[in-house]
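First the structure, in the form of structure tokens, and then the observations on it.
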Amino acid sequence: MPSLSYTSRREIEEHSFSLVVTLLVPVAAVVLQVLLSKLYWRFSMLDLPLIVAIFFAVSRRSPAIGTVTGAVIGLLQDALTARPIGVNGMAKSVIGYIAASIGIQVDVDNIATRFLMNFVFMVLNGLILFLIDRRLLGLTQLHLHWGQELVRALANAFIAVPVFLLLDRTKRAE
Amino acid sequence: MESFFTRFKNVLVLVVVLLAQTIGLAIQVRRPPEGGAPEGKKVTLLRTWVIGAIAPVEKLLHGVGLNVRSTWFSYIDLRNTRQQNKELKDEIARLRLEQAELAQDALQGQRLQTLLNFQRHYVTSTVAAQVIGTSGTDQSRVLYIDKGSADGLKIDQAVITPDGIVGKVREVMAHTSQVLLINDPTSGAGVLLASTHIRGILHGSQEGHVIINNLTPDSRIKPGEKVLTSGGDQIYPRGLNVGTIQSIKPDPDHQPYTLIAIAPAANLFQLEEVLVITGTTDQLPAQAQKDLAQGVATAKQIEEARAAAEEAAEEAAAQSAAQIIAEKLPSLHDDQKTTEGPASAIATPAISNPSVPKPVPPLHPDHYTPGATPPASALKPGAEHPETTYPQATPVQGPGREQDSIEEPGTSKQTQRRSGPADSGPQS
């Protein structure tokens, strides 16, 4: 008689990554982002580190790990800017947490879902950054340009789809 | 208790991570700078670690790209070199002339500055650096260069290109430095409007534009005006090019101030190589003095050459005037000679010089008209005065007609007739 076991969807679709991938991919994303921005300044609109943070969060499906991954990637980004360290760290921590949380309930392997998810997270990232700048750092002269944010979110969502497909190959076989 | 942590593990992790970063952020924002550094030691340490890890990769990739480009430009793409060389030579010649023109002004300016006891800082030493990376985000406009404290770079040194200012050194590592661009919202520079001499403070905007927003509306400020560094910020030496005014409009956030947008002279979005100003002095540097002397010498040469050319032109003009007169004068002499020579010879020079004026015959001859008075030898004392005869006046028919009559061979007869006593004429 076959024994019945109850395995949640979260447990079935949880993916793990090798240590090398876990360490190198975020660093590579940051380096690539820096190089692309140097190549053509308009590429600074992209946010490859955020795409990577979302990918790891939804693949691991652990909000705690998603939070830490987002925080580390965000702090790495902050260290390269002239802004106080923690601005991107906080924004990406929140997004890592939410991405991992919805990854449990939604099929995130679908291309359309990935596109939409990335679009929404990019807008949310812009909104969180604006709130941190305005409320915590007291930069009252800053304004939220919705048009610019939507274009940025759209561009990143388009880029995220092939990046996700590429990163799918780094998933460790269970 | 254990179950609480297990149950709310995820939320607790999020709260702890956010709290830690918020506290860190608050410390960074509140902490006053130590020894000129923009932020605390721990923050600098974290940045140093991250930049230390990223910069070698950036340098490596930048070096590879540079080598590929260098190979291309050095060995393959030599087609335009000759043309470029010619253009550069032309430009050098043009710049020499410009230098000569400016040298006089510079000397005069120096004299005036000495009189006013004005302190001016000249750039004495610079370090050329390659741009190896950026912040990677448009939230913060910074660059990374491949020179650091080992090359003599320090915090707050000005970074420029030959076109204009770029920014200032913000962080210095051993072999890498972070440069804050002038279009970053947190940057600032003291500037001077070139023609109106109005002082302002330059900032970067959220969108990456360079703006001045601390000036009230002034009709003298117009688009196209040049903007220079004022030297008041103690970072950028006075007189460096910043850019030109692009537009002027009211600042919606800070009334009644204006928002003056500036087009930067240096292309801040495509920088490959920059110069870091590592030394300034209040004396004109030796090389600049040499250049100035050369400029003055060139100006003198140009002035002398110009004077010589003007003199030669004057001489040529005088010579040409003399030549014209000389060409005309012989005809006059010949004309005079003809009065002594045979009558037939009178007409000859007149043909060659028809423009020489001839006296118009009088309408009413008087006693003073040549030939009108009988010679003294013909007169007898006590004798009745003979009828005075006058030559017949020739009717005036215009200069052309007159000349025609002179040119005709019969003219000599007419002349003789005028002087002959037998001719009857009106009696006085």
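Protein chains in written order, with the numbering used here: chain L, 7 to 180; chain G, 1207 to 1634. Just so you know, even glycine gets a beta-carbon here, dropped at the ideal spot from N, CA and C. Please read all numbers here as calculations on a predicted model, not as lab measurements.
Inter-residue CB distance, residue i and residue j (contact presumed, cutoff 8 Å)
i: Gln154(L); j: Asp1459(G); result: At roughly 18 Å, the Cβ-Cβ gap does not stay under 8 Å, so Gln154(L) and Asp1459(G) are not in contact.
i: Gln1489(G); j: Tyr1328(G); result: 7 Å
i: Gln1305(G); j: Gly1501(G); result: 4 Å
i: Val1482(G); j: Thr1332(G); result: 6 Å
i: Met1379(G); j: Gly1414(G); result: Going by Cβ atoms, the distance from Met1379(G) to Gly1414(G) rounds to 25 Å, so no, they are not a contact pair.
i: Ser1436(G); j: Val1397(G); result: 6 Å
i: Leu1421(G); j: Thr1464(G); result: 6 Å
Closer than 9 Å to chain L by CB, residue i
i: Lys1215(G); result: yes
i: Glu1413(G); result: yes
i: Val1219(G); result: yes
i: Ala1259(G); result: yes
i: Ile1468(G); result: no
i: Gly1241(G); result: Low confidence applies here, because Gly1241(G) scores a pLDDT of 48, under 50, leaving its location unreliable; read the following figure in that light. Chain L, which has no Cβ nearer than 9 Å to the Cβ of Gly1241(G), makes this no.
i: Gly1394(G); result: no
i: Gly1342(G); result: yes
i: Gln1345(G); result: yes
Spatially closest choice to residue i from the options, by CA coordinates
i: Ala1232(G); options: Pro55(L), Pro90(L), Ile71(L); result: Pro90(L)
i: Lys44(L); options: Ile1229(G), Arg1347(G), Trp1278(G); result: Arg1347(G)
i: Leu52(L); options: His151(L), Leu160(L), Val112(L); result: Leu160(L)
i: Val36(L); options: Trp152(L), Thr119(L), Gly80(L); result: Gly80(L)
i: Trp152(L); options: Leu145(L), Ser99(L), Ala166(L), Asn131(L); result: Asn131(L)
i: Leu171(L); options: Leu142(L), Lys98(L), Ala118(L); result: Ala118(L)
i: Tyr1350(G); options: Val1480(G), Phe1211(G), Leu1585(G), Lys1586(G); result: Val1480(G)
i: Ile1260(G); options: Ser1383(G), Ala1309(G), Ala1356(G), Leu1318(G); result: Ser1383(G)
i: Gln1440(G); options: Leu1474(G), His1403(G), Arg1512(G), Gly1485(G); result: Gly1485(G)
i: Val5(L); options: Gln1476(G), Leu1284(G), Val1256(G), Leu1294(G); result: Only positions 7 to 180 of chain L appear in the structure, and residue 5(L) is not among them; the question remains open.
i: Ile1466(G); options: Leu1272(G), Ala1312(G), Glu1297(G), Asp1457(G); result: Asp1457(G)
i: Gln1493(G); options: Thr1330(G), His1409(G), Lys1374(G), Ser1425(G); result: Thr1330(G)
i: Asp165(L); options: His21(L), Leu29(L), Val33(L), Val58(L); result: Reading off the sequence shown, one finds Ile at residue 165(L), where the question assumed Asp. Cα-wise, what sits closest to Ile165(L) is Val58(L).
i: Val157(L); options: Val33(L), Ala88(L), Phe49(L), Leu42(L); result: Phe49(L)
i: Leu1498(G); options: Ile1298(G), Ala1471(G), Leu1308(G), Leu1266(G); result: Leu1308(G)
Closer than 8 Å: residue i CB and nearest the ligand FAD heavy atom
i: Ala1522(G); result: By its list of ligands, the structure shown contains no ligand whatsoever, and the ligand FAD lies outside what it can speak to.
Below-9 Å beta-carbon distance, residue i vs any chain G residue
i: Ser65(L); result: no
i: Leu182(L); result: Absent from the structure is residue 182(L), since the part of chain L shown begins at 7 and ends at 180.
i: Ala105(L); result: no
i: Gly144(L); result: yes
i: Pro8(L); result: Here Pro8(L) scores only 47 on pLDDT, less than 50, and its place in the model is too uncertain to base an answer on.
i: Asp174(L); result: no
i: His21(L); result: no
i: Val26(L); result: no
i: Gly153(L); result: no
i: Val169(L); result: no
i: Gly92(L); result: yes
i: Arg140(L); result: no
For residue i, the residue or residues it bridges with in DSSP
i: Lys1455(G); result: Leu1465(G)
i: Ala1335(G); result: Val1480(G)
i: Arg1405(G); result: Leu1398(G)
i: Ile1418(G); result: Leu1408(G), Ile1466(G)
i: Tyr1328(G); result: Thr1487(G)
i: Gly1373(G); result: Val1365(G), Leu1387(G)
i: Arg178(L); result: Ser22(L)
i: Gly1449(G); result: Val1433(G), Pro1470(G)
Residues near residue i by beta carbon distance below 8 Å, same chain, minus five either side
i: Val40(L); result: Leu86
i: Thr176(L); result: Phe23, Ser24, Val27, Val31
i: Arg140(L); result: Thr146, Leu148
Close Cβ partners of residue i (< 6 Å) along its chain, the five nearest in sequence each way excluded
i: Leu173(L); result: Phe61
i: Arg1405(G); result: Leu1398, Ser1436
i: Ala1532(G); result: none
i: Phe1210(G); result: none
Beta-carbon contacts of residue i that lie in its chain and below 7 Å, excluding the five residues immediately before and after
i: Pro1491(G); result: Tyr1328, Thr1330
i: Gln83(L); result: Val36, Pro55, Asn94
i: Val1416(G); result: Ile1388, Asn1389, Leu1408, Gly1410, Gly1449, Ile1468, Pro1470
i: Glu1510(G); result: none
i: Leu1224(G); result: none
i: His1268(G); result: Gln1336, Ile1338
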